[in-house]
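Quick notes on the structure that follows.
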Amino acid sequence: MSYSFLDAENQVIANSLKIRFYPISLKSAKGTRVTDQNGRNYLDLAAGWAVAGIGYGHQRISNKLKEQYEALSFTSQLSAPEPTMVSLAEKLIDITPGDFPKKVWFGHSGSDANDCIAKLVPLEKNRSRMISFMGSYHGQTMGSLSLSGHPAQSRFIGSGNVVKIPYPNPYRPPFGEKNRLTDQVIQYLEQEVFKTICPPDDTAGIIIEGIQSDGGLLVPPDDFLPRLQEVCQRYGISLIFDEVKVGLGRTGKWFSFDHYGIVPDAIVLGKSLGGGLPMSSVVARKEILDVGTGIHMFTTSGNPVSSAASLETINIIEDESLIENARENGEYFITLLRGLQEKHELIGDVRGKGLAIGVELVEDRLLKTPAAEKTAAICYRCYELGMLVFYVGIHSNVIEITPPLTITKDDIDLAISILDQSFSDLEQKKINMDLVKQYAGW
Ligand SMILES: Cc1ncc(COP(=O)(O)O)c(C=O)c1O
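According to the working numbering, the stretch in the sequence shown is residues 44 to 485, in order.
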């Protein structure tokens, strides 16, 4: 059944909307498990690209949706606001750092939220330029793709006001020296970029992912983000964190920058915020979001049903101690993955924080030649063995592990055994590479 359904889907659904790793089509889901149209169950380590943070089909969300829809199914908050959106904004202000006046903007996707940054930050500072990082993925709309530095956006030129600098990747240091990584990237920014094409007094903001996710689950050195904050403060540049994928508890703290005591000027949220419904947000200094009236608005922004789901999602994260779970079980997961690394030569690096984990596959550990096709094969084999996982990275060779934060140690033991089996099957050439090649991935 799923094959004929996918054939039909292929006839009518735009390819521009797809990244496919294997022929799955879903029917239902609960917790950490999804079920396909043939009734087969899978452990979901992707959580639908990190959207199912609290897991699938949470009863409390279901109840809230019904309650809200029956009370007030819709109002355009642009012109007739209601209290749920305001309570959600108050909650977001409460869980984000910053002892200064903050406000909240709402949208539907990480992309429209990063578009908010692309438009409003230069306007507020009255400076024209922005800086972002190579490998970053901020979205697919024109503003957010302009900020992005990922191959997925490289076919579009975007807006010319954004300068991209290398991300401090400890596994593949952009300037060659791992132990001088922070110094070298910061020096490049201050001595080269600021002195040539992007004067700091015309730079409005720097946007960064605290863990660069689609770029390959890259965790910067501990001193990098504090140093970046210092630079921003020195030149009066706004520091923006894109927390769309790793925010809201995934790294074992509310936000990735909380690991370093950083206070951003603006924080971008999306994906898991809506508990499965489309929802995004920017929490920022009041002056950024108040720079103009009606200049970044969408009719269904902050609609009451999505707002109710989002508020309940945050309450669930607190009530079920999901941040602690992400921290503890993330460490457990990474330890077991490092065990697998000792067994399988293909695993070049295991890294992450909490339940944002990357496993980079290389043909050889010395030269670190990316093993892209084999990464696709491992993901495919995991699917055949009953587990969903995707790959990311500018070289398409990093398995991304972003499961629901509700994942248990038993789930993790199962995941490790499926991964172990997949690596062994690949080593023994038991994976049908012709099937794998039918899926382009990205
Ligand atoms: C860090 C980050 N920002 C923004 C986006 C874009 O979000 P959306 O796909 O909801 O537009 C993504 C999507 O993967 C992301 O990972």
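The beta-carbon is built from N, C-alpha and C at its ideal position, and this holds for glycine as well.
{"Query": "Ends of the beta strand (DSSP E) at D87?", "Result": "N84 to D87"}
{"Query": "For D392, does the three-state DSSP call read helix, strand or coil?", "Result": "strand"}
{"Query": "My guess is that L163 and P347 are in contact by the Cβ rule of under 8 Å, so how many angstroms apart are they, rounded?", "Result": "Not confirmed; about 24 Å, so no contact."}
{"Query": "According to DSSP, simplified to helix, strand and coil, what is M430?", "Result": "strand"}
{"Query": "Sorry if obvious, but does the Cβ on Y303 come closer than 8 Å to a heavy atom of ligand 1?", "Result": "no"}
{"Query": "Please determine whether the Cβ atom of N157 lies at a distance below 8 Å from any heavy atom of ligand 1.", "Result": "yes"}
{"Query": "Can you have a look at F143 and say buried or exposed, based on whether 16 or more other CB atoms are within 10 angstroms of its CB?", "Result": "exposed"}
{"Query": "What is the rounded straight-line gap between the Cα of E220 and the Cα of K73?", "Result": "45 Å"}
{"Query": "Among L190, P194 and T378, which has the Cα closest to the Cα of G203?", "Result": "L190"}
{"Query": "Does DSSP classify L166 as helix, strand or coil?", "Result": "helix"}
{"Query": "To the nearest angstrom, how far is the alpha carbon of G178 from that of L428?", "Result": "31 Å"}
{"Query": "May I ask you to verify whether the stretch 327-340 touches the stretch 452-465, counting CB pairs closer than 8 Å and requiring at least 3?", "Result": "no"}
{"Query": "When the distance is taken between beta carbons, is D285 closer than 9 Å to G153?", "Result": "yes"}
{"Query": "Can you tell me which of N212, I200, P194 and L271 puts its alpha carbon nearest to the alpha carbon of Q230?", "Result": "L271"}
{"Query": "Please report the distance separating the alpha-carbon of Q234 from that of V274.", "Result": "12 Å"}
{"Query": "Within the same chain, show all residues whose beta-carbon is closer than 6 Å to that of L188, passing over the 5 residues directly before and after it, in chain order.", "Result": "Q196, F199 and G201"}
{"Query": "Do the stretch 240-251 and the stretch 165-181 make contact, defined as three or more Cβ pairs closer than 8 Å?", "Result": "yes"}
{"Query": "Residues bridged to S175 by DSSP?", "Result": "K207"}
{"Query": "Tell me which same chain residues have a C-beta within less than 6 Å of the C-beta of N84, skipping the five on either side of it?", "Result": "R76 and T78"}
{"Query": "Give the range of the beta strand (DSSP E) segment to which T78 is assigned.", "Result": "R76 to D79"}
{"Query": "From I390 to V262, what distance separates their C-alpha atoms?", "Result": "17 Å"}
{"Query": "Who are the near neighbours of P217 in its chain, counting only those whose CB is closer than 6 Å to its CB and skipping five residues on each side?", "Result": "P209"}
{"Query": "Candidates G313, F466 and V479: which alpha carbon is nearest G150's?", "Result": "G313"}
{"Query": "Would DSSP call R482 helix, strand or coil?", "Result": "The sequence shown places Tyr at residue 482, rather than the Arg named in the question. Of the three classes helix, strand and coil, the one that applies to Y482 here is coil, per DSSP."}
{"Query": "D155 and T118: beta carbons closer than 9 Å?", "Result": "no"}
{"Query": "Taking all protein chains shown into account, do 16 or more other C-beta atoms lie within 10 angstroms of the C-beta of K107, making it buried, or fewer, making it exposed?", "Result": "buried"}
{"Query": "Once you ignore the five residues that flank L49 on each side, which residues in its own chain have a CB closer than 8 Å to its CB?", "Result": "P66 and S68"}
{"Query": "Please identify the residue among G253, Q384, R370 and D244 whose C-alpha is closest to the C-alpha of P211.", "Result": "G253"}
{"Query": "Determine, using beta carbons only, whether K417 and L431 come nearer to each other than 9 Å.", "Result": "no"}
{"Query": "Nearest-angstrom Cα distance between Q120 and I357?", "Result": "21 Å"}
{"Query": "At the level of alpha carbons, what is the spacing between P194 and S364?", "Result": "36 Å"}
{"Query": "Evaluate K396 with the Cβ neighbour count: other Cβ atoms within 10 Å of its Cβ, from every protein chain shown; 16 or more gives buried, anything less gives exposed.", "Result": "buried"}
{"Query": "For the alpha helix (DSSP H) containing R328, list its first residue and its last residue.", "Result": "That residue, R328, is in no alpha helix (DSSP H); its beta strand (DSSP E) goes S323 to R328."}
{"Query": "Along the chain, where does the alpha helix (DSSP H) that runs through G373 open and close?", "Result": "L365 to K386"}
{"Query": "Give the DSSP-derived three-state secondary structure of I455 in the structure shown.", "Result": "helix"}
{"Query": "Are L166 and I338 close, meaning C-beta to C-beta below 9 Å?", "Result": "yes"}
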